[in-house]
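Okay, so here's the structure we're looking at.
Protein chains: 4
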Amino acid sequence: ISLHGLEFPRKPIFSLRVSYSVISAASYTDSSDDETSPRDKQQKNSKGSSDFCVKNIKQAEFGRREIEIAEQEMPALMALRKRAQGEKPLAGAKIVGCTHITAQTAVLMETLGALGAQCRWAACNIYSTLNEVAAALAESGFPVFAWKGESEDDFWWCIDRCVNVEGWQPNMILDDGGDLTHWIYKKYPNMFKKIKGIVEESVTGVHRLYQLSKAGKLCVPAMNVNDSVTKQKFDNLYCCRESILDGLKRTTDMMFGGKQVVVCGYGEVGKGCCAALKAMGSIVYVTEIDPICALQACMDGFRLVKLNEVIRQVDIVITCTGNKNVVTREHLDRMKNSCIVCNMGHSNTEIDVASLRTPELTWERVRSQVDHVIWPDGKRIVLLAEGRLLNLSCSTVPTFVLSITATTQALALIELYNAPEGRYKQDVYLLPKKMDEYVASLHLPTFDAHLTELTDEQAKYLGLNKNGPFKPNYYRCLAPTPPLKTGKPG
Amino acid sequence: ISLHGLEFPRKPIFSLRVSYSVISAASYTDSSDDETSPRDKQQKNSKGSSDFCVKNIKQAEFGRREIEIAEQEMPALMALRKRAQGEKPLAGAKIVGCTHITAQTAVLMETLGALGAQCRWAACNIYSTLNEVAAALAESGFPVFAWKGESEDDFWWCIDRCVNVEGWQPNMILDDGGDLTHWIYKKYPNMFKKIKGIVEESVTGVHRLYQLSKAGKLCVPAMNVNDSVTKQKFDNLYCCRESILDGLKRTTDMMFGGKQVVVCGYGEVGKGCCAALKAMGSIVYVTEIDPICALQACMDGFRLVKLNEVIRQVDIVITCTGNKNVVTREHLDRMKNSCIVCNMGHSNTEIDVASLRTPELTWERVRSQVDHVIWPDGKRIVLLAEGRLLNLSCSTVPTFVLSITATTQALALIELYNAPEGRYKQDVYLLPKKMDEYVASLHLPTFDAHLTELTDEQAKYLGLNKNGPFKPNYYRCLAPTPPLKTGKPG
Amino acid sequence: ISLHGLEFPRKPIFSLRVSYSVISAASYTDSSDDETSPRDKQQKNSKGSSDFCVKNIKQAEFGRREIEIAEQEMPALMALRKRAQGEKPLAGAKIVGCTHITAQTAVLMETLGALGAQCRWAACNIYSTLNEVAAALAESGFPVFAWKGESEDDFWWCIDRCVNVEGWQPNMILDDGGDLTHWIYKKYPNMFKKIKGIVEESVTGVHRLYQLSKAGKLCVPAMNVNDSVTKQKFDNLYCCRESILDGLKRTTDMMFGGKQVVVCGYGEVGKGCCAALKAMGSIVYVTEIDPICALQACMDGFRLVKLNEVIRQVDIVITCTGNKNVVTREHLDRMKNSCIVCNMGHSNTEIDVASLRTPELTWERVRSQVDHVIWPDGKRIVLLAEGRLLNLSCSTVPTFVLSITATTQALALIELYNAPEGRYKQDVYLLPKKMDEYVASLHLPTFDAHLTELTDEQAKYLGLNKNGPFKPNYYRCLAPTPPLKTGKPG
Amino acid sequence: ISLHGLEFPRKPIFSLRVSYSVISAASYTDSSDDETSPRDKQQKNSKGSSDFCVKNIKQAEFGRREIEIAEQEMPALMALRKRAQGEKPLAGAKIVGCTHITAQTAVLMETLGALGAQCRWAACNIYSTLNEVAAALAESGFPVFAWKGESEDDFWWCIDRCVNVEGWQPNMILDDGGDLTHWIYKKYPNMFKKIKGIVEESVTGVHRLYQLSKAGKLCVPAMNVNDSVTKQKFDNLYCCRESILDGLKRTTDMMFGGKQVVVCGYGEVGKGCCAALKAMGSIVYVTEIDPICALQACMDGFRLVKLNEVIRQVDIVITCTGNKNVVTREHLDRMKNSCIVCNMGHSNTEIDVASLRTPELTWERVRSQVDHVIWPDGKRIVLLAEGRLLNLSCSTVPTFVLSITATTQALALIELYNAPEGRYKQDVYLLPKKMDEYVASLHLPTFDAHLTELTDEQAKYLGLNKNGPFKPNYYRCLAPTPPLKTGKPG
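Residue numbers (full-length UniProt numbering), protein chains in the order written: chain A, 1 to 490; chain B, 1 to 490; chain C, 1 to 490; chain D, 1 to 490.
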């Protein structure tokens with residue numbers, strides 16, 4: 001399982017961005033007790049094609065309705081489709097994709113199709129596929145290989161069916177987690193000769209690409225869409241501002257007013273959580289390691305404390321640091337009865353949940369995603385989602401946020417596919433600022449928002465092109481992981 | 001069905017304060033397919049008593065756990081229990097109650113018991129009973145007559161079983177909706193000779209009591225606990241500030257940021273909704289009929305408009321006026337595609353839902369409590385809870401809010417039961433200000449809040465008693481329905 | 001100086017509502033060194049009249065400009081003038097007034113004139129007259145007797161010149177502080193036979209009227225305009241929300257972000273202060289004696305503490321309780337270096353400033369209205385306005401707030417003057433709710449705010465008149481001082 | 001006046017950061033009518049030195065008190081002094097400085113002295129010197145050459161007296177505006193041989209340095225402290241959030257509640273203005289050219305408009321774009337009566353004030369910094385500070401903000417002075433992230449803020465040094481002007 005010296009985990013990575021529990025909520029026709037594996041079924045769509053593998057092609061109609069509803073909230077992709085009626089910027093593109101298969105993904109795939117691309121698709125997570133949506137895509141002619149509840153073997157089989165096709169070879173990769181990229185590296189390294197680029201969305205996948213790049217083994221340009229400004233602001237600040245409230249309410253029905261809360265970490269996620277809870281009448285404390293973020297917390301009206309100083313008195317503990325063991329067993333021992341503990345940050349490392357799995361503590365599952373951990377003296381700690389990401393486990397991601405991600409992916413594919421020879425090397429790039437701005441501008445009509453245009457005189461005065469970019473390429477509001485290179489706009 | 005000239009509806013009134021759909025969410029053991037009517041079953045609790053009628057006495061253990069969890073969030077009642085260990089202010093009280101039967105009610109009933117009272121209880125709503133909780137109460141010896149899914153005949157039979165007992169006659173009534181009071185008026189008017197007073201919680205029930213009083217037919221003192229300041233602030237401003245967000249998220253998963261919202265009515269409910277949505281980044285417009293409330297909306301930063309002026313552009317319409325037909329078919333015709341319409345106000349009169357039940361419009365139920373109403377041109381309006389109260393249908397009422405109501409009820413019972421002859425006449429009273437303040441003070445420890453005490457010198461300067469009341473009896477922040485009389489503190 | 005057994009202070013009461021220091025700020029032509037007393041001057045206006053006594057009639061032009069500017073921000077009075085072009089609701093009214101003489105008062109007086117009234121006016125404060133404005137009024141024919149820097153003898157002389165006129169007897173009184181009313185009671189009690197009513201604005205004056213009423217000595221109806229809902233909300237909540245920031249900035253240039261503040265008292269003034277400081281990033285603690293207000297502070301996100309618990313750590317102490325000795329010498333001794341102490345509440349009793357006038361403490365005046373009180377160890381406390389009202393001493397009252405007061409006064413005069421026999425007895429009344437609402441409605445156009453009108457059907461459903469009142473007369477948001485009676489709307 | 005081909009303006013640049021009108025407010029002893037030029041006076045300080053030139057050395061005591069008060073609010077510099085008691089990181093440094101001469105600068109200079117440096121100082125602005133402070137510095141032995149009201153000839157003479165000294169040659173430059181740097185380039189280019197670096201604070205000065213660098217003519221390393229994250233956040237977001245309210249209040253006494261405001265530009269300054277006004281109850285519209293900032297405005301709850309769309313209805317127009325002619329005569333013509341127009345952005349280019357100086361418009365100065373511009377039809381526009389920066393002209397900069405700037409300057413001097421050979425080339429650098437973080441950390445104690453420290457395990461997990469930097473060097477939240485290079489931390 002080592003690849004050119006880099007170790008990849010054998011198990012498919014379950015990307016953190018969208019959780020299966022949420023998505024399956026909408027899967028209203030899944031109660032079928034059909035236990036046959038899709039791999040063993042013979043299915044054809046109404047046009048006679050059988051180049052797909054889904055749970056049940058007959059569910060296509062239900063999936064189509066979901067897709068239609070999603071289209072209403074993804075105006076940017078719909079706008080791209082319209083503009084593409086004349087030119088087809090992806091004409092000739094053969095895209096192989098590996099993402100969650102949801103109604104929103106379907107809108108993206110059908111947009112790529114409208115822009116001229118041929119697509120083949122697998123799921124990036126064994127649980128996250130909406131079967132009805134997969135059926136609808138298959139019915140409209142997309143070779144989709146995915147169903148909910150794949151085995152690990154199924155998972156790689158599906159990916160393989162996407163790339164290992166006679167007479168068809170991908171020239172673009174859209175990946176979410178890096179499993180597809182990994183598979184091609186491992187099994188079909190020659191395929192990279194024709195591939196013009198990789199677009200990767202997840203933190204994990206981006207991290208792998210930087211490792212490959214550092215090791216000199218990245219053989220095509222890659223676009224890191226995870227770190228685009230627009231996407232980051234929405235995934236973190238704006239989305240979390242709403243989902244922290246939503247996640248806590250759905251799991252605990254608690255009242256926020258007057259509650260004492262400590263938020264660990266004052267990055268974008270922490271800022272969103274703090275703003276929302278303060279607005280609801282909670283009293284919020286913040287912990288930070290970085291003095292600049294700490295000073296911001298002060299100026300925003302939050303007392304900056306060490307966790308130890310308030311742990312006995314708070315009603316809620318929220319982690320969003322990106323760090324590990326921020327909440328330790330010692331902290332948990334000192335919390336008061338009924339204290340709620342949850343994580344909005346990095347995967348599931350922030351709360352030392354493992355330390356709670358000791359014989360003297362009793363776990364009681366009181367609701368889906370809610371455990372009471374009971375101390376010998378009767379004290380109960382309310383642990384949400386077992387320390388995994390609250391907003392993914394216990395709330396939903398609004399379509400609008402997914403729309404921004406999907407649009408960013410589409411534009412990254414267009415950019416890489418059309419870039420003139422030499423613009424991008426075998427390296428990892430950020431989306432050019434101008435395209436980042438374009439993603440944002442495509443979402444403004446949702447808010448009936450009217451952008452001001454520079455006059456010629458003003459553009460000259462500012463030394464800017466009237467159409468942007470309006471900020472330098474390195475303008476960002478978030479710290480990315482490794483050193484980044486930025487593409488130049490087309 | 002007329003009673004002393006007043007017309008009562010024959011059907012039991014389904015009180016608006018807590019909806020069955022919410023409560024049943026927690027009812028995890030109800031999937032039993034036992035179809036036998038409880039009235040036909042022979043059940044005994046472990047002490048051998050069969051003076052009760054519930055769905056299944058064996059579910060008592062599950063209900064007990066729910067009660068124990070609720071106890072943790074109802075500190076005021078628990079504090080009353082403690083203080084009552086010495087004196088028993090309800091010793092000798094025989095209370096007949098008719099309310100929703102939930103874990104929170106159970107905590108109230110067991111508190112009344114601890115204070116010395118004997119209780120008999122029925123449900124005020126045919127759907128709202130939590131069977132496990134009813135079982136737990138029956139198991140601990142409370143004569144409870146209630147189950148989820150009663151017929152109308154069952155409903156009155158249960159009430160009758162509470163009052164029509166050999167060798168036991170109630171001397172206090174705790175009612176929620178007025179059905180119990182109505183039944184006694186109708187069937188056992190003589191019982192009122194021994195009854196010291198009625199405590200009524202609901203708007204509807206209070207309204208009936210004022211009608212009786214106006215007609216000179218109220219024959220015992222009654223306490224209107226609906227209009228106490230503390231309860232009102234929590235039921236309206238604070239609770240709605242949170243539940244508007246919760247209700248919208250659970251039903252639509254929408255994003256609030258940047259959305260244009262019109263809130264009809266700027267009373268306490270409207271103020272709560274506006275504050276919450278503004279804090280989440282929505283752009284909020286307000287409509288009002290009262291210029292004083294209108295001016296407050298202006299000063300709070302909301303544009304005051306007529307509904308017509310913004311109806312084409314808004315993403316969400318929320319009614320909270322207490323009025324009828326605030327949103328008409330004409331408004332609905334002019335809304336844009338995907339506009340969400342919901343009601344936080346008065347029962348289900350505010351949106352003219354009936355006007356949408358016409359042949360040219362298609363209704364599509366897309367989720368529980370969510371309908372798409374589709375116009376011939378494809379426009380969809382998203383109607384929540386069919387225009388019924390959003391916060392009751394689509395979110396939950398936090399235990400803390402219910403705790404304030406329950407404590408108010410308990411104190412009203414104590415006040416009426418212990419009031420010296422002549423303090424209360426045959427009229428409807430508000431809870432004395434001092435007791436209203438006492439309810440509030442019992443809830444302060446939840447927030448580790450420390451009240452300042454007046455010095456003797458300061459009390460003299462202000463002309464106040466050091467223990468309150470701190471405001472005159474007529475101090476209120478909300479307009480009650482009819483002219484009110486206020487009791488003097490004991 | 002005792003009047004019918006009631007003791008009045010001999011010195012004119014300096015009303016608290018508008019401070020002279022503020023008003024004089026605009027008095028740009030006062031550097032004249034003319035030391036002749038106005039009483040000794042012979043002045044005539046351009047029409048030849050000399051029925052006035054002001055500092056210098058030649059300053060009229062400057063005053064006129066101030067009045068014109070004020071007119072632009074007093075749209076409600078200007079609207080009243082317009083509506084009065086047809087009817088003259090004050091035709092025949094002879095109003096004697098005693099208020100601060102400012103540009104805003106001038107707009108009021110000229111409005112009363114336009115409505116048909118004859119007016120004679122004196123100042124209610126020996127320092128607060130704007131000489132230019134007084135000159136402008138005199139120039140346009142108003143008999144005004146007032147100048148800045150009157151002696152006490154001048155003060156009463158001016159009042160006397162207003163009422164003691166041959167061939168003219170007042171039938172209405174507009175008073176601010178009660179001095180005019182007192183003078184008539186004392187000197188010309190028979191005048192009350194023709195007087196239809198008194199309109200009183202100040203807390204002090206209202207208090208005296210209630211005392212008179214209680215003693216059975218009030219011989220005409222009086223209208224307490226101080227406690228009207230609209231006026232109170234603006235004088236307290238909305239005005240203080242802004243002036244707390246303004247007063248602190250102008251005196252100390254401090255930064256609010258991150259500062260720890262304790263606000264004593266969570267009434268309307270406290271709510272305004274807390275909201276503003278929270279919004280600017282301060283961390284705010286609250287003290288309260290009333291558990292209902294305390295619970296509101298909790299739900300609004302403020303920690304409720306006793307002053308002692310935080311006195312060592314806070315950067316700012318603000319009193320707004322209406323109480324005395326809220327901040328004691330003991331508290332002051334424990335404050336940290338540079339702590340700022342100020343009062344937004346009741347006159348100058350809240351901070352025990354007298355306790356700081358001891359030999360071991362050094363006072364250093366560092367700016368106008370700012371004293372450093374220095375402890376032997378070098379600790380400095382920053383005391384603002386010597387504990388008097390910060391918003392009056394160190395900031396200004398926006399014209400818009402004064403407009404609401406003036407409009408309320410005008411409507412109260414109209415109501416009392418036109419009320420049919422018997423509507424008002426010899427008692428103190430609140431402005432009828434309907435007129436309170438009318439004041440509010442006259443100010444809505446400033447915000448381009450559009451009120452919704454009830455349909456006939458809705459009005460019937462709600463049991464309301466379409467034109468209001470929309471709330472019962474006793475609907476209030478603030479506790480008034482003594483038991484109040486309310487007039488019925490005309 | 002051209003220097004190596006670059007054109008420098010002959011007149012000294014009046015830096016924009018601190019305006020003279022503000023500073024002079026505190027200059028309470030300046031009413032002296034001593035008209036003798038300081039250059040013609042013979043003055044000695046109490047130690048007999050006459051190596052200085054100030055207005056009046058006898059005012060030293062007053063200046064010392066101002067310095068002492070400032071020290072209390074500049075804890076970071078005082079902390080640096082303490083830490084420097086052992087080591088003297090600036091031992092041997094000979095610093096020539098050219099900045100505003102205020103109490104805060106004095107605290108900086110005396111800190112540099114305590115750290116081991118010798119200093120000579122001139123003013124960067126002919127009006128901004130506080131004479132008393134200059135006297136106090138001269139009295140304690142600092143060679144200071146500055147007074148309020150210098151002529152242009154005086155200005156350069158003072159600078160020359162700082163650098164042209166026998167037996168003393170500077171090895172560090174601290175500049176604010178670039179005039180000092182310019183003078184040395186022009187007159188004493190050889191001096192650069194001994195100079196280890198330049199620290200420059202102002203936008204203008206930084207711009208010049210980049211021009212020099214681009215032209216290959218920068219002969220020593222330069223540190224751009226203007227663009228450090230901490231300084232920028234405070235100068236823009238946090239400071240403007242408060243000063244927009246302060247500036248508007250002090251000039252107009254207006255009420256914010258309910259007012260309609262348009263803010264042009266949603267960068268950090270715009271974000272601060274919008275947040276503050278929204279919190280005070282204003283209704284805020286935003287204009288933007290950059291779609292990413294525009295989308296942020298939407299998500300923060302502001303309607304994004306073009307200026308034309310709202311210009312007729314708004315009560316206040318605020319520019320903060322950094323652009324020119326954002327508000328044109330056409331806009332001004334369409335504004336409503338009493339509309340207030342002001343600038344929080346870039347120098348005085350944003351509002352086309354020149355277009356208002358036409359014969360048909362009348363200007364009326366109604367207060368200091370407030371002009372009414374009157375149209376022929378009587379419409380008045382209220383123009384503040386003639387379109388110059390409102391927060392500098394009409395409010396004050398809190399000492400805390402100046403403390404951050406001064407600390408940043410001190411650390412930049414220490415870094416450049418102690419950097420090992422080769423760390424810095426002849427280029428313009430940003431303050432290393434670690435030192436930026438250090439500035440922030442030195443200000444945390446003001447807020448009693450407690451930073452969390454990483455455990456070894458956590459530091460390893462994150463790949464960070466436990467002492468920072470915690471963010472990469474290029475992490476910024478603001479767009480700087482030209483391409484930047486960043487120094488590595490020492």
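Cβ coordinates follow ideal geometry from the N, Cα and C atoms, glycine included.
Here the structure is a predicted model, which is why all the values come from computation and not from measurement.
Anyone know if the C-beta pair for residue i and residue j falls short of 8 angstroms?
{"i": "C/Thr408", "j": "C/Thr230", "result": "yes"}
{"i": "A/Asp352", "j": "A/Val382", "result": "no"}
{"i": "A/Val107", "j": "A/Ile173", "result": "no"}
{"i": "A/Arg329", "j": "A/Arg312", "result": "no"}
{"i": "C/Phe155", "j": "C/Ile184", "result": "no"}
{"i": "A/Ser128", "j": "A/Gly247", "result": "no"}
For residue i, which beta-bridge partners are listed by DSSP?
{"i": "B/Gln118", "result": "B/Lys94"}
{"i": "B/Gln369", "result": "Its beta-bridge partners do not exist; DSSP assigns none."}
{"i": "C/Ile374", "result": "C/Thr362 and C/Arg380"}
Tell me which residues share the same chain as residue i and place their Cβ nearer than 7 angstroms to its Cβ, disregarding the 5 neighbours each side in the sequence.
{"i": "D/Gly91", "result": "Note that residue 91 of chain D is Ala in the sequence shown here, rather than Gly. For D/Ala91, where only same-chain residues beyond five positions count, the Cβ hits under 7 angstroms are Gly116."}
{"i": "A/Gly167", "result": "none"}
Got a sec? Which residues, its chain only, sit under 8 angstroms from residue i by beta carbon, not counting five neighbours each side?
{"i": "A/Val199", "result": "Met172, Ile173, Leu174, Asp175, Ala222, Met223, Val225, Gln409, Ala412, Leu413 and Leu416"}
* Does the pairing of the stretch 110-126 of chain B with the stretch 86-101 of chain B give three or more beta-carbon distances under 8 angstroms? -> yes
* To do: Determine which residues of the stretch 434-447 of chain B have a Cβ less than 9 angstroms from any Cβ of chain C, and write them out in chain order.
  => Asp436, Glu437, Tyr438, Val439, Ala440, Ser441, Leu442, His443, Leu444, Thr446 and Phe447
* Could you list the residues in the stretch 258-282 of chain B with a C-beta less than 9 angstroms from some C-beta on chain C, going in chain order? => Cys264
* To do: Report yes or no: do the stretch 384-392 of chain C and the stretch 360-371 of chain C share at least 3 C-beta pairs separated by less than 8 angstroms?
  => Contact between the stretch 384-392 of chain C and the stretch 360-371 of chain C is present, because at least three Cβ pairs lie under 8 angstroms.
* Within the chosen definition, does the stretch 454-464 of chain A reach the stretch 290-301 of chain D through at least 3 CB pairs nearer than 8 angstroms? -> no
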